[in-house]
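In my numbering, the protein residues as written are 1 to 488. Don't be surprised by glycine CBs; every beta carbon is placed ideally from N, CA and C. Values in this document were obtained by computation on a predicted structure and should not be read as measured data. See below for the structure under consideration.
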Amino acid sequence: MKVSARVRGEWLQIPCKDGKVNINWLGGEAIRRFHKLQGPDSSLKIGEEQIQEIRKTKGGAILDPDDLVKDVLDDNDFVSIILSSDRTRQITNNPETAVNLEEYTTMNGKYEPPEEYIFLDGNTLSTDDLVQLGKSRYKIKLTNEAEQNVTKSRNLIDKILQENKVVYGITTGFGNFARTTIPIDKLEELQYNLIRSHAAGVGRPLSPEKTRMLLALRINVLAKGYSGISLATLKHIIEAFNASCLSLVPEQGSVGASGDLAPLAHLALGLIGEGKMWSPETGWGEAKYVLESHELSPIRLSAKEGIALINGTQLITSLGAEAVERSNLIARQADVVAALTLEVLKGTSRAFDSDVQMIRPHKGQIAVAKRLRALLHSDTYPSQIAESHRFCNRVQDAYTLRCCPQVHGIAHDTIEFVHSVITTEMNSATDNPVRLVLKKRANGKLKEIVFRSFLQIEGKLFPPAISTENIPQRFLTSSQLRFMSWLQ
């Protein structure tokens, strides 16, 4: 019988013979082995460290030191050994952003991996689907069309590399180094360095639910086939999501636009086997060990794949998706509360009649009035107070009751507008460069023009033209002109 024990972020596999040793022995043996492997520089001092508690990593149950291993653990089970000094160990020395990783070690309750799958194609993901993915209700698969688009995209990148073309983000540096050509043998290193250099976020880690949403949304965008990532790499990322292997992503550090660079870099950092990672099976640990515990290996980046992983708006968009879903639920609950209030105060629904609402036919207002009418009186649930108004001396209800459709309606309209914006952004690519498949007639035949960078003209970003005739050439640099010529 073997048990994997985590001590200060390191995993140790402890042989427990037939399991007839107790939990206290398991903790002491794990500390002894940790100290031995760390050598003279070990942060643990034998005899000085006290075990505060030992928990099952899955579920978080505290184990009694006197229980036998075989009675409370299964073969190849995982436990987290928490020392007294660990309670003050922090992920950062800045007291304002200090995080005790032990708070995030385990999930509350028993984790059950999902059995259902959702198919992503980069075009049809809804806000509700994304929230459900965050709650671990689904695993992910790609549609056949998405796989084909991703493969076509990668084939183009490979062609660019074979022909030794100069293309931003693939064979050049980034930002101010866009005109610096990178040697072929340094292209992979460039992608790794990009991720490491941008993993500079601060603050507490995102919750597992929010990190799942972030990862799922990035997978959806990559599935569009505009980013140049290989199908093998994308499937490897999906495997990590399905195993709920989640990188440590700090809450702060994004600049929005296509600049969720720092959060996405942290997301990618764990996937390449660096930094911290969490899963329900293992808790927090070094990313490579968490991946290994799920029989996964770190992804291997090739040209373009580093920037493909970090160039996007997926953090802000995923948080926006969660916010708009919660807002919709709250707004609908407010309608129910309004109906209950009217019922308690023995109000009338006459102000909500459809003929009255059509005089000022705002969409949200009409919908709320219809909902209130259904809640207050229907054939199935007739109102018990309507008859009381037949001979009462009331002229009308209070303004706050009569105008619920107008007040609540604009909230529903706003939520619907934001929902539309968020949904569009969820299914959009913001990479630079992107791969586009456009069709152009040349000599009576269709010619595929497949890759082009965005060009900055007079301080604005314009989508690339099909030919240089469509764009003022006086605004183009010589390298951009050569690139546009190559595309044709």
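CB-CB length for residue i against residue j, believed under 8 Å
i: residue 422; j: residue 127; result: 6 Å
i: residue 119; j: residue 143; result: 5 Å
i: residue 213; j: residue 318; result: 4 Å
i: residue 3; j: residue 16; result: 6 Å
i: residue 501; j: residue 171; result: Outside the displayed span of the chain (1 to 488) sits residue 501, for which this structure offers no information.
i: residue 291; j: residue 343; result: With 8 Å as the limit, residue 291 and residue 343 do not qualify as a contact, their Cβ atoms being about 56 Å apart.
i: residue 70; j: residue 20; result: 6 Å
i: residue 322; j: residue 131; result: 6 Å
i: residue 140; j: residue 22; result: Contact flag wrong, Cβ pair sits at about 41 Å.
i: residue 267; j: residue 218; result: 7 Å
i: residue 511; j: residue 194; result: In the structure displayed, the chain extends from 1 to 488; residue 511 sits before or after that span and is not available.
Residue i and residue j closer than 9 Å at C-beta
i: residue 53; j: residue 68; result: no
i: residue 122; j: residue 235; result: no
i: residue 371; j: residue 335; result: yes
i: residue 331; j: residue 402; result: no
i: residue 247; j: residue 280; result: no
i: residue 233; j: residue 300; result: yes
i: residue 209; j: residue 136; result: yes
i: residue 324; j: residue 415; result: yes
i: residue 240; j: residue 206; result: no
i: residue 168; j: residue 433; result: yes
i: residue 134; j: residue 216; result: yes
i: residue 406; j: residue 362; result: yes
i: residue 197; j: residue 308; result: no
i: residue 425; j: residue 320; result: yes
i: residue 412; j: residue 364; result: yes
i: residue 24; j: residue 125; result: no
i: residue 355; j: residue 226; result: no
i: residue 428; j: residue 383; result: no
i: residue 275; j: residue 203; result: no
i: residue 374; j: residue 409; result: no
Where the beta strand (DSSP E) containing residue i begins and where it ends
i: residue 77; result: 77-83
i: residue 7; result: 2-7
i: residue 53; result: 51-56
i: residue 405; result: No beta strand (DSSP E) holds residue 405; the alpha helix (DSSP H) holding it covers 404-426.
i: residue 118; result: 117-120
i: residue 15; result: 10-15
Residue i burial status per 10 Å Cβ neighbour count (16 or more: buried)
i: residue 199; result: buried
i: residue 13; result: exposed
i: residue 337; result: exposed
i: residue 255; result: exposed
i: residue 5; result: buried
i: residue 326; result: exposed
i: residue 162; result: exposed
i: residue 237; result: buried
i: residue 39; result: exposed
i: residue 503; result: For the chain, the structure presents residues 1 to 488; residue 503 sits outside this window and is missing.
i: residue 201; result: buried
i: residue 149; result: buried
i: residue 420; result: exposed
i: residue 177; result: exposed
i: residue 185; result: exposed
i: residue 105; result: Note on residue 105: pLDDT 47, under 50, position unreliable in the model; the coordinate value appears next. Per the 10 Å Cβ criterion, buried.
i: residue 112; result: exposed
i: residue 180; result: exposed
i: residue 451; result: At residue 451, the pLDDT of 43 sits below 50, so the modelled position is not reliable; the number obtained from the coordinates is stated separately. Residue 451 is buried by the Cβ-count criterion.
i: residue 175; result: exposed
i: residue 417; result: exposed
i: residue 441; result: Below a pLDDT of 50, predicted positions are generally treated as unreliable, and residue 441, at 41, falls in that range; the measurement from the model is reported next regardless. Counting Cβ neighbours within 10 Å, residue 441 comes out exposed, since fewer than 16 surround it.
Delimiting residues of the alpha helix (DSSP H) encompassing residue i
i: residue 202; result: From DSSP, residue 202 is part of no alpha helix (DSSP H) but of the beta strand (DSSP E) over 202-205.
i: residue 147; result: 144-162
i: residue 364; result: 363-376
i: residue 192; result: 187-198
i: residue 218; result: 208-222
i: residue 335; result: 314-344
i: residue 34; result: 23-38
i: residue 132; result: 127-134
i: residue 69; result: 69-72
i: residue 302; result: Here residue 302 belongs to no alpha helix (DSSP H), and DSSP marks it neither H nor E.
i: residue 357; result: 354-357
Minimum Cβ-Cβ distance from residue i to chain D less than 9 Å
i: residue 123; result: The structure shown contains no chain D, having only a single protein chain.
Original post:
Along the chain, which unbroken stretches of the beta strand (DSSP E) at least 3 residues long are found entirely within the stretch 224-288?
Top reply: 250-252, 276-279 and 283-286
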